[in-house]
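Engineer: My questions all concern the structure below.
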Amino acid sequence: MNNQSSPFTASEHDSLTQWLTHLESIHPSSIDMGLTRVKQVADNLSLQFPDQTVITVAGTNGKGTTCRFIEQACLMQGKTTGVYSSPHLLDYRERARINGDVEAESAYCIAFAEIERARGDITLTYFEFGTLAAMLMMRKANVDVVILEVGLGGRLDATNIIEPDLAVITTIGLDHMDWLGDTRELIAVEKAGIMRDNGIAVVGELDPPATLDEYVTQHKVDTWWAKRNFCVETNVENWRWQCDDVITDWLPMPRIPLQNTATALAALKRLNWFPTAEQLKQLVETVNVPGRRQQIASQPDVLVDVAHNPQACALMRDWADKGLNGELHIVVGMLADKSLAATLDELATVKAKWYLGNTSGPRGLSGDILMSHLQPHQKQYAAAFGSVTDAYNAAREQAGQNDRILVFGSFLTVADVLTFHRDRSIQ
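Under the UniProt record's numbering, the sequence shown has 406 at position 406, and the numbering climbs by one with no breaks.
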């Protein structure tokens, strides 16, 4: 129900900041798994996409980059697109893109006001409200392609109220275990919930649990699998993609993870939207996502990555010190509900100095607790700080011009460092 003590007027003329404050106040929990409430509000809004191609993307890691590649390929082919993703880094409006651009604050306020009128006494979480708002803006824009990035799991995520024409699962790892289960087998079934009986799907996970195979068989989902139906071949500096009768030219390494690029290409081929050789080369050279292996400064190089679970950090380990001539300085801040030890252990073989910062909010974690999860040899070169910004400043003071600073651990951690650079115009 509405918070009756709040002076909020619930008008489309209120500011985006006022609306977001209101959304945080109207539900007692930030997560409330289930589709009944959000589906009822969507029905009240007659929110459907019968004339659009809907692609829903789930996965532990790689969702954002996979969505971005598909989006840019569609735009290059003249298709209009709407993309919903979360969380954002610096601006709430990042959560919805129409034809590659964020919408005006007023567009969000209008959508929020429509949802507020339609929900009546139905409670919605902050995430559910934002999901519906993004969908409303896409419907109003009458885009050709709707790309929905799952926020948590798949089966009970708010994005799953819409029937997808193609379901994509990028990777399956251990994350959000309090909600999804504590094994890859259980998590796989939750993510498979975006698939539909007799539908089509693409799975980019290189080592899928048996439960995913069982789900696909039981629900008769026509699925393309990485390594079974499509694959990549690599040499020292190049790669190419193969599926059925398609073998691409040798290409430079993409700016996003290769596995996600391969998965996006499989999705495009399933929809008969495979890019031309010229388009593919341009996509590989240009597609990137802020906060994912992003270099934001030089001398020393500063790279930021939102990796926050063991699977993502295992991939990060492969490039963290690649081509480095100096020392590596790692700045990390994580949230308390993550697999701390398992995540940090993935970087145990990387020689580095560690700077651990406190994260804020109800899920925040102190740098001291984070340090307790480092291995003994890592602790010898580690220090804890009162904030991520303090930890990052310490790394900047210690790093030489030929060194590298790597920042990771959460969206909040990367956002703090990006804000630090934006406010000081540091290059």
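Note that beta-carbon positions come from the ideal geometry of N, C-alpha and C, so glycine has one too.
1. By a C-beta neighbour count over all protein chains shown, 10 Å radius and 16 as the cutoff for buried, is proline 7 buried or exposed?
2. Buried or exposed, going by whether 16 or more other CB atoms sit within 10 Å of the CB of aspartate 423?
3. Looking only at its own chain, which residues have a Cβ that is under 8 Å from the Cβ of methionine 1, when we skip the five neighbours before and after it?
4. According to DSSP, is proline 252 helix, strand or coil?
5. Assess, as a yes-or-no matter, whether the segment 362-378 is touched by the segment 289-302 under the definition of 3 or more beta carbon pairs within less than 8 Å.
6. To the nearest angstrom, report how far apart leucine 418 and valine 289 are at their CA atoms.
7. Classify glycine 59: buried if its beta carbon has 16 or more other beta carbons within 10 angstroms, exposed otherwise.
8. Which ranges does the beta strand (DSSP E) cover as unbroken runs of at least 3 residues, wholly within the segment 21-62, from first to last along the chain?
9. Grab me the residues of alanine 352's own chain with a C-beta within less than 6 Å of its C-beta, minus the 5 sequence neighbours each way, in chain order.
10. I need the DSSP call for arginine 404, collapsed to helix, strand or coil.
11. In the segment 117-148, which residue ranges form an unbroken alpha helix (DSSP H) of at least 4 residues, counting only runs that do not cross its ends?
12. Given 8 Å as the limit, is there contact between the segment 39-55 and the segment 157-174, that is, 3 or more CB pairs closer than that?
13. Out of Leu340, Leu136, Val203, Met253, which has the shortest C-alpha to C-alpha gap to glycine 62?
14. Are the segment 84-93 and the segment 205-217 in contact at 8 Å, needing three or more beta carbon pairs?
15. Note down the Cα distance separating arginine 404 from proline 254, rounded to an integer number of angstroms.
16. Reducing DSSP to helix, strand and coil, say where valine 168 ends up.
17. With distances taken between CB atoms, is the gap from methionine 195 to alanine 167 smaller than 8 Å?
18. Return helix, strand or coil for tyrosine 92, following the three-state DSSP convention.
19. Using a Cβ-Cβ cutoff of less than 7 Å, which residues in the same chain neighbour alanine 107 once the five nearest sequence positions on both sides are dropped?
20. Just confirm the distance between the C-beta atoms of leucine 147 and valine 57, as a whole number of angstroms; I'd bet it's less than 8 Å.
21. Do you know whose CA, among Lys269, Val150, Glu285, lies nearest tryptophan 239's CA?
22. Grab the span of the alpha helix (DSSP H) containing alanine 395 for me, first residue to last.
23. According to DSSP, simplified to helix, strand and coil, what is histidine 373?
24. When the Cα atoms are used, what is the spatial distance from tryptophan 241 to glutamate 278?
25. For residue 428, which of Ser387, Gly386, Ile369, Val388 has the nearest alpha-carbon?
26. Considering only the beta carbon of each residue, do valine 302 and glycine 409 sit closer than 8 Å?
Structural biologist: In short:
1. With a pLDDT of 49 at proline 7, under the threshold of 50, the modelled position of this residue cannot be trusted, and the question is left open.
2. exposed
3. Residue confidence is low: methionine 1 scores 38 on pLDDT, short of 50, so the model does not pin down where it sits. Its coordinate-derived value is still stated next. Cβ neighbours of methionine 1 beyond the five flanking positions: Ile26, Asp121, Thr123.
4. strand
5. no
6. 14 Å
7. buried
8. 53-58
9. Leu328, Ile330
10. strand
11. 126-141
12. yes
13. Val203
14. no
15. 21 Å
16. strand
17. yes
18. helix
19. Met137
20. Note that residue 147 is isoleucine in the sequence shown, not leucine. Contact holds; Cβ gap of about 7 Å.
21. Glu285
22. 388-398
23. coil
24. 15 Å
25. The chain is shown only over 1 to 427; residue 428 falls outside these bounds and no answer can be derived.
26. no
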